[in-house]
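Participant: In terms of this note's numbering, the sequence shown is residues 427 to 513. Following this message is one structure expressed as structure tokens.
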Amino acid sequence: MTQGQILTIFTDALMVALKLAGPMLLVSVLIGLIVAVFQAATQIHEQTLTFVPKLICIAFLLLFTGSWMITMFSEFVDRIFMIMRNL
């Protein structure tokens, strides 16, 4: 296995990780920002007020994008096993 092939696998792994984690992180940051603005405006500083909306939004996001995430990850794992088989 050459160094170029290893770098390609590593780059693919990073891209898959970013594609899988990116939507959840983006939604979490946006919800956190909205809740922080709401807390600053109303001066309510309750810890669960930030946690519960994030949890609900991430759960709905996983319901809608879960099959896409599983498909993307299984395709990546299949590519890795094909490379390992061809060595």
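C-beta atoms are modelled at their ideal positions from N, C-alpha and C, and glycine is treated no differently. Bear in mind the structure is a predicted one, so any value in this text is a computation, not a measurement.
Helix, strand or coil, according to DSSP, for E501 in the structure here?
Facilitator: It is helical.
Participant: Work out the CA separation of M450 and F507 for me, nearest whole Å.
Facilitator: Rounded to the nearest angstrom, the two C-alpha atoms are 27 Å apart.
Participant: Mind checking which residues open and close the alpha helix (DSSP H) that includes M441?
Facilitator: Unbroken alpha helix (DSSP H) run through M441: Q429 to T468.
Participant: Report the option in V442, L433, T437 and M427 whose CA atom is closest to the CA atom of E501.
Facilitator: Checking every option, the nearest Cα to that of E501 belongs to V442.
Participant: Considering only their Cβ atoms, is the gap separating I509 from I435 smaller than 8 Å?
Facilitator: Yes, the pair counts as a contact, with Cβ atoms nearer than the cut-off.
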